[in-house]
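Just below is one structure, and these are the notes that go with it.
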Amino acid sequence: MLPDSMPLADGAAPRARRRHLLDLGGWSRTEVSALFDTSDVMAQVMQRTIKKVPALQGFTVGTLFFEDSTRTRLSFERAARAQSADVIGFAAGGSSLSKGESLKDTLLTIDAMQADLYVVRHHAAGAAHQIARWTDALVVNAGDGRRAHPTQALLDAYTFRQHFPDFDGFEGKRLSIVGDVEHSRVARSNIALWTLLGAEVALCGPRTLLPAPLGERPGLTLTHRVEEALEGAHAVMALRLQTERMAKGLLPSLAEYRQRYQVTTERMRLAHPDALVMHPGPMNRDVELEGVLADSPRSVIEQQVANGVPVRMAVLYTLLVGSR
Ligand code: CP
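The sequence shown maps to residues 0 to 323 in numbering that gives the first Met the number 0.
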């Protein structure tokens, strides 16, 4: 049985930590801006008839998914192959984990096949950090427990920037995150990134799903009233109830949750007239987000998915070519 979280500090910092993308701690606005500029170049590649460049020829990317994924795994694989990297894929289901092999032995087995970079998703917070200690390859965190999902936040902010392109930072812009913030690594990474870029972030959800300590930083507000959260927002991000990480009894009833916290067309009237509707996916339609609103022109949900490819291309390119 793997622990629910892994220690982030065991007396030794992860080797050459800045070579990895484990979270967004320590990033500067300049680094984000440079990554977005590289993403713009990658987005042009994805507009071509032949969506392939030789930029990462000779490199091997390993996708290590110990937890389920659709968007993140496929877009990393697309991002690697579009740059001519080789890809080796591992998914927990169907692997020898079921025969009792440990995380470390699984990693050492895959590492013997000599990848240059691992994209890691794991249900335990700190798993990507731990793997970075066991390998000489680069590591990108593709979601660890409720702790961090840095490339999701990067693609979310990149999508926002396409609609509000006066990008000296996001000063004067307001992002509202509504739903199960407590269990959300997407929320934590977006809070870190959008406040770094100068935006205000409003968090909204029931008391049981909105931890107070997240509110203790400049630019961040907490509210239990969705109308207050949406007031003047330039982007509204709905989060699903992450029942896979949730203890029982945190919600009175699903009907009451919908009634009080669902992001609806009616409630969006309180937001900025050009406000975007965002969702990191997977979505539980008509629970956290009204289905017709998800399908409306305000919704950029599919654009978020599409932007996952050029942003992840930029991440792979920056780390791998930078490592040479
Ligand atoms: N947003 C996200 O991480 O989606 P997947 O779980 O499908 O990768």
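Even glycine gets a Cβ: it sits at the ideal position worked out from N, Cα and C.
Whole-number beta carbon distance between residue j and residue i, since they are thought to touch under 8 Å
i    : j    : result
H278 : M236 : 7 Å
L20  : L318 : 7 Å
R232 : R187 : Correcting the residue type first, residue 232 is Ala in the shown sequence and not Arg. At roughly 19 Å, the Cβ-Cβ gap does not stay under 8 Å, so A232 and R187 are not in contact.
T48  : I87  : Wrong, their Cβ atoms sit about 28 Å apart, outside the cutoff.
R22  : P149 : Rather than Arg, the amino acid found at residue 22 in this sequence is Asp. About 5 Å separates the two Cβ atoms, so the contact holds.
F65  : H128 : Contact flag wrong, Cβ pair sits at about 14 Å.
L250 : T207 : 7 Å
D143 : A124 : 5 Å
L153 : V139 : With 8 Å as the limit, L153 and V139 do not qualify as a contact, their Cβ atoms being about 11 Å apart.
E289 : V262 : 7 Å
R18  : S252 : Wrong, their Cβ atoms sit about 47 Å apart, outside the cutoff.
Selection from the options that minimises the alpha carbon distance to residue i
i    : options                : result
R297 : L275, G142, P149       : L275
L292 : T242, E265, T317       : E265
M312 : R18, E227, R224, S83   : S83
L63  : G290, A141, R28        : A141
R216 : R146, V225, L192, H162 : L192
D36  : A232, S183, T158, I109 : T158
L137 : F169, D143, R145, V118 : V118
M112 : D135, G125, E100       : D135
A114 : H162, G61, E227        : G61
G330 : T194, A234, I109       : It is not possible to answer for residue 330, since the shown part of the chain is limited to 0 through 323.
P309 : F89, D155, K247, T263  : D155
P205 : E230, G197, D179, V185 : D179
Y256 : G197, D285, K98, A234  : D285
R224 : R259, A33, A254, R70   : R259
E170 : R28, V314, V320        : R28
V185 : A33, A79, Q151         : Q151
G57  : T108, V31, K247, D85   : D85
Residue i CB to nearest heavy atom of the ligand CP below 6 Å
i    : result
R70  : yes
P149 : no
P309 : no
G92  : no
G197 : no
G280 : yes
Chain-order list of residues whose beta-carbon lies under 8 Å from that of residue i (same chain, five-residue window excluded)
i    : result
I300 : V276, M277, H278, G280, M282, A293
Y316 : T37, M41, A54, L55, Q82
I190 : I176, V200, L202, L213, R216, L219
S74  : V304, G307, V308, R311
V320 : A54, L55
L34  : L153, V310, A313, V314, T317
Proximal residues to residue i (C-beta, below 6 Å), its chain only, five neighbours per side dropped
i    : result
R239 : N283, E287
Q302 : T158
P210 : E181
D110 : T134
Minimum Cβ-Cβ distance from residue i to chain B less than 7 Å
i    : result
H162 : Considering every chain present, this structure includes no chain B. It has just one protein chain.
Residue i, enclosing beta strand (DSSP E) - first and last residue
i    : result
T222 : 219–222
L137 : 137–143
E199 : 199–203
S120 : A small correction: the amino acid at residue 120 is Arg; Ser does not occupy that position in the sequence shown. First-last of the beta strand (DSSP E) with R120: 116–121.
I87  : 85–90
Extent of the continuous alpha helix (DSSP H) run through residue i
i    : result
R173 : R173 -> not in any alpha helix (DSSP H); beta strand (DSSP E) instead, spanning 173–177.
H162 : 149–162
T59  : First-last for T59: 59–64, but that is the beta strand (DSSP E), not the alpha helix (DSSP H).
I109 : 102–110
A232 : A232 -> no alpha helix (DSSP H), and no H or E assigned at all.
V185 : 184–195
L315 : 300–321
L292 : 290–293
M267 : 264–267
Proximal residues to residue i (C-beta, below 7 Å), its chain only, five neighbours per side dropped
i    : result
S183 : R145, L238, Q241
K50  : V44, A81
A228 : S175, V177, A201, C203, T222
E226 : R266, L269
K103 : W133
R324 : The structure shown has nothing for residue 324, since the chain only spans 0 to 323.
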